[in-house]
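Trainee:
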Amino acid sequence: MKIKDLLVLVGIIGIVLMMIVPVPIPLLDFLLIINISIALMIILVAMNTKEALQFSIFPSLLLITTLFRLALNVSTTRNILSHGEAGNVVRTFGSFVAGGTSKEAIIVGFVVFLILVLVQFIVITKGSERVAEVAARFTLDAMPGKQMSIDADLNAGLINEVQARERRQKIEREADFYGAMDGASKFVKGDAIAGIVILIINLIGGFIIGMTLKGDSFSEALAKYSILTVGDGLVSQIPALLISTAAGIIVTRASSEGNLGHDITKQLTAQPKLLYIVAGTLVMLGIFTPIHWFTTFPIAGLLVFAAYKMQKNLEREAIKEEQLVEEQQIEEVRSPESVISLLQVDPIEFEFGYGLIPLADTQQGGDLLDRIILIRRQCALELGVVVPVIRIRDNIQLRPNEYIIKIKGNTVARGELLLNHYLAMSPGIDDDSIAGIETTEPAFGLPAIWIDEVTKERAELSGYTVVDPPSVVATHLTEIIKKHTHELLGRQETKALIENVRESYPALVDDLIPSVLSIGDIQKVLSKLLREKISVRDLVTILETLADYGSYTKDPEILTEYVRQSLSRQITQQFTSLGDSLKVITVGPSVEKKIADSVQQSDQGSYLALDPSSSQIIYHRVSEQVSKLIQSGQQPVILTSPTIRMYLRQLLERTLQDIHVLSYSELEPSVEIQSMGVVNL
61 MKIKDLLVLV
71 GIIGIVLMMI
81 VPVPIPLLDF
91 LLIINISIAL
101 MIILVAMNTK
111 EALQFSIFPS
121 LLLITTLFRL
131 ALNVSTTRNI
141 LSHGEAGNVV
151 RTFGSFVAGG
161 TSKEAIIVGF
171 VVFLILVLVQ
181 FIVITKGSER
191 VAEVAARFTL
201 DAMPGKQMSI
211 DADLNAGLIN
221 EVQARERRQK
231 IEREADFYGA
241 MDGASKFVKG
251 DAIAGIVILI
261 INLIGGFIIG
271 MTLKGDSFSE
281 ALAKYSILTV
291 GDGLVSQIPA
301 LLISTAAGII
311 VTRASSEGNL
321 GHDITKQLTA
331 QPKLLYIVAG
341 TLVMLGIFTP
351 IHWFTTFPIA
361 GLLVFAAYKM
371 QKNLEREAIK
381 EEQLVEEQQI
391 EEVRSPESVI
401 SLLQVDPIEF
411 EFGYGLIPLA
421 DTQQGGDLLD
431 RIILIRRQCA
441 LELGVVVPVI
451 RIRDNIQLRP
461 NEYIIKIKGN
471 TVARGELLLN
481 HYLAMSPGID
491 DDSIAGIETT
501 EPAFGLPAIW
511 IDEVTKERAE
521 LSGYTVVDPP
531 SVVATHLTEI
541 IKKHTHELLG
551 RQETKALIEN
561 VRESYPALVD
571 DLIPSVLSIG
581 DIQKVLSKLL
591 REKISVRDLV
601 TILETLADYG
611 SYTKDPEILT
621 EYVRQSLSRQ
631 ITQQFTSLGD
641 SLKVITVGPS
651 VEKKIADSVQ
661 QSDQGSYLAL
671 DPSSSQIIYH
681 RVSEQVSKLI
691 QSGQQPVILT
701 SPTIRMYLRQ
711 LLERTLQDIH
721 VLSYSELEPS
731 VEIQSMGVVN
741 L
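Numbering-wise, the numbering used here comes out as the position in the sequence shown, counting from 1, plus 60.
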């Protein structure tokens, strides 16, 4: 045990012993001065804290100081009743504060003591107790909302896991602190009541002992015991008043960047023009009321002078801040780091022409920022990854109504909007009365037209799908993100996903990384799954599968196939509705044999070495079957054997990227498969 811990324990035990063991008068004087010093230290610390949690020990400290003060009251009461003396500190407070030893002075001392007790008990302690009670209740009620806010910031990528954990701990500590302060304020109330009781005991007991046992006259007993009683009450209530004031400061303190003195001077002097109004009011009081002008005019003059000086100081500070900002900007341009910052490439960028600024300007009713938050949440739910922050900026080099989407600095999509129009897509049967500007829907490449507000209702009645410009952008951006999610998932992002799993499944992560696979190996597998639009949200199943098969092979292609088979239920539900059959294009034996015979093995793994003529034939046969399936309104899915699935996917992904290639082992046995065509050579 450290020395300071031992001193605290000895001090608390000593406080308890003071209530039982008589304390010599010289030591009692010393302890009374220590009590006053502790009270001064506590109120100074309370005034210099920036937020309540910086003085989180205050509830316990309030109990200890209250106990110490009561122990001193017991000791002084014992000396007053036993010896008719309580030391120089008590006598000095009794005679000095009261103004002498006369009857009038004694009455004044009692009045001062009662005023201190009432101020502490009714004003400060009662108010602090109520504030602590309300703060504790509001803190507990606000905890779920604050937790949800932290989770939202974490999901949006605004904070990391460590910052989220720190914020959660702070919320819990705030609830504990205000709950403790709610209970600790009862100690101060009880101490005030005990002070009044001890005062009555000292006064009555002193009269009885002095007049009966010691033979003092009434006037002698009154002079002796009244002064000692008043001094004892004052020497205990003044520290109590300081500590209760500190309690009020703590519970009413809001978080800020400075201490109490800094905040008072900063906020009261933030608007010096108001001091001129106060000065003018004082001048009017001195002129039109019996209050003489020589009382109000000097104060009004001081206020005018203070307002003038404060206004000049604010102007100088504003000029200094502007100069400082300019100097910082110049230094940033001159520093080598300014060039390094230009090398940073944003994962996702959305740039638009000046005509589309209302989309992102909230003052003009734009909700693009809110839609992007929803897009990131949707991608997290559907794909299981946290999409990086999307940078939005205007670009004067673009046409006014044009926008582009960039992935890692490269343009991957562009579109054009008409803000005062709606995008209408035909249900298949065109209505000649629906006229507009012909265009192409940017997300899926469907033919569409831009129509005005007047035509909108008629188009909806005709069965057209009508979409407003913000929804067009949101849909396009969502599809682009889904298409390129595998490019956005790097090793750092993979590590963050794994650390999230580690909190609930530490044994799984420790068993897999790094003894079986590295983070880079896992990232390759996840990227291949996302490339084919397979969600990685069930990361536990994925890691379990990699832990099972990672010791046999490090080939990411083969590991991906094992993972896909483990996610068979998820894949089945992704391509079929409940109770529906899965309509597919099957691969004939001739194609499977041709692909299987063309697989070559090397030190880097296996690869498909198919001759160009055979590749073209397979492309042609698959395209024919896919066209038939699309014309019938079905989602094109190709079903093949597990041994050649990944090679067939590699063959088709350059020309037929949106075609899903599944294997028999990736589907649940209960699903009904309906072949809509066969690919043969």
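Note that CB positions come from ideal geometry on N, CA and C, so glycine has one too.
1. Check the C-beta distance from I719 over to I698 and give it rounded, since I have them as a contact under 8 angstroms.
2. Over the uninterrupted alpha helix (DSSP H) stretch that includes A784, give me the two end residues.
3. Would you kindly check if the distance between the Cβ of I677 and the Cβ of L741 is under 8 angstroms?
4. Classify M344 as buried or exposed, calling it buried when 16 or more other Cβ atoms lie within 10 Å of its own Cβ.
5. Can you tell me where the beta strand (DSSP E) with E513 in it begins and where it stops?
6. In terms of alpha-carbon separation, which member of S611, F412, R562, P616 lies closest to V585?
7. Please return the same chain residues whose Cβ sits closer than 6 angstroms to the Cβ of I96, not counting the five positions on each side in sequence.
8. My output table needs one value for Y524: the three-state DSSP class, helix, strand or coil.
9. Run the CB neighbour count on L218, radius 10 Å, all protein chains shown included, and call it buried at 16 or more, exposed below.
10. Please state whether DSSP places A146 in a helix, a strand or coil.
11. Among residues of its own chain, excluding the 5 on either side of L429, which ones have a beta-carbon nearer than 6 angstroms to its beta-carbon?
12. Take the Cβ of H481 as the centre, count every other Cβ of all protein chains shown within 10 Å, and call the residue buried at 16 or more, exposed below.
13. Since D292 and V76 should fall inside the 8 angstroms C-beta cutoff, what is the C-beta to C-beta distance between them, to a whole number of angstroms?
14. Output needed for I256: all residues of its chain with C-beta closer than 7 angstroms, excluding positions within five of it in sequence on either side, in chain order.
15. Mark F128 as exposed unless 16 or more other C-beta atoms lie within 10 angstroms of its C-beta, in which case mark it buried.
16. What are the start and end residues of the beta strand (DSSP E) that includes Y463?
17. For V26 and N373, I'd like the C-alpha separation in whole angstroms.
18. Measuring only the C-alpha atoms, how far is E462 from E221?
19. On a Cα-Cα basis, can you pick out the residue from L87, K643, T136, L590 that is closest to Q685?
20. To the nearest angstrom, report how far apart L174 and G266 are at their CA atoms.
21. Under three-state DSSP, which class holds A495?
22. For N470, does the three-state DSSP call read helix, strand or coil?
23. Which of the three DSSP states, helix, strand or coil, is assigned to H352?
24. Quick one: what's got a C-beta closer than 7 angstroms to Y609's C-beta in the same chain, skipping five residues either side?
25. If distances are taken between C-alpha atoms only, which option among H536, L537, L214, A508 comes closest to V526?
26. Does the stretch 448 to 455 come close enough to the stretch 554 to 573 that 3 or more CB-CB pairs lie under 8 angstroms?
27. Have a look at L553 and L479 and give me their C-alpha separation to the nearest angstrom.
28. Do K468 and E411 have their beta-carbon atoms positioned less than 8 angstroms apart in this structure?
29. Could you tell me which residues DSSP puts in a beta bridge with F410?
30. Starting from the C-beta of I390, find all residues in its chain whose C-beta is less than 7 angstroms away, skip the five residues before and the five after it, and write them out in chain order.
31. Please state the DSSP three-state secondary structure of Y368.
32. Name the two residues that bound the continuous beta strand (DSSP E) containing L642.
33. Under a Cβ-count criterion, where at least 16 other Cβ atoms within 10 Å of its own Cβ denotes burial, should K588 be classed as buried or exposed?
34. Would you call the stretch 299 to 309 in contact with the stretch 118 to 127, where contact means no fewer than 3 C-beta pairs closer than 8 angstroms?
35. Use the C-beta contact count for S723: other C-beta atoms within 10 angstroms, 16 or more gives buried, fewer gives exposed.
36. Below 8 angstroms on the Cβ atoms is my guess for L141 versus L91; work out the distance and round it to an integer in Å.
Mentor: Let me lay it out:
1. 6 angstroms
2. Here the chain has residues from 61 to 741 only, and residue 784 is not among them.
3. yes
4. With fewer than 16 other Cβ atoms inside 10 Å of its own Cβ, M344 counts as exposed.
5. Note, E513: premise wrong, no beta strand (DSSP E); alpha helix (DSSP H) at 513 to 521.
6. P616
7. Around I96: P299.
8. Three-state DSSP puts Y524 in coil, outside helix and strand.
9. exposed
10. coil
11. none
12. buried
13. Wrong, their Cβ atoms sit about 20 angstroms apart, outside the cutoff.
14. Within its own chain, the residues whose Cβ lies closer than 7 angstroms to the Cβ of I256, once the five positions on either side in sequence are excluded, are V177, listed in chain order.
15. buried
16. 462 to 467
17. Given that the chain is displayed from residue 61 to residue 741, the structure contains no residue 26 and the question cannot be resolved.
18. 38 angstroms
19. K643
20. 19 angstroms
21. A495 carries a coil assignment under DSSP once its states are collapsed to helix, strand and coil.
22. strand
23. Coil, per DSSP.
24. L619, Y622
25. A508
26. Judged by Cβ distances under 8 angstroms, the stretch 554 to 573 makes no contact with the stretch 448 to 455, as fewer than three pairs qualify.
27. It is Glu, not Leu, that sits at residue 553 in the sequence shown. Distance between the alpha carbons of E553 and L479: 36 angstroms.
28. Contact flag unset, no.
29. I452, I465
30. none
31. If DSSP states are grouped into helix, strand and coil, Y368 belongs with the helices.
32. Per DSSP, L642 belongs to the beta strand (DSSP E) from 642 to 647.
33. buried
34. The stretch 299 to 309 vs the stretch 118 to 127: in contact.
35. buried
36. The Cβ separation is near 18 angstroms, so there is no contact.
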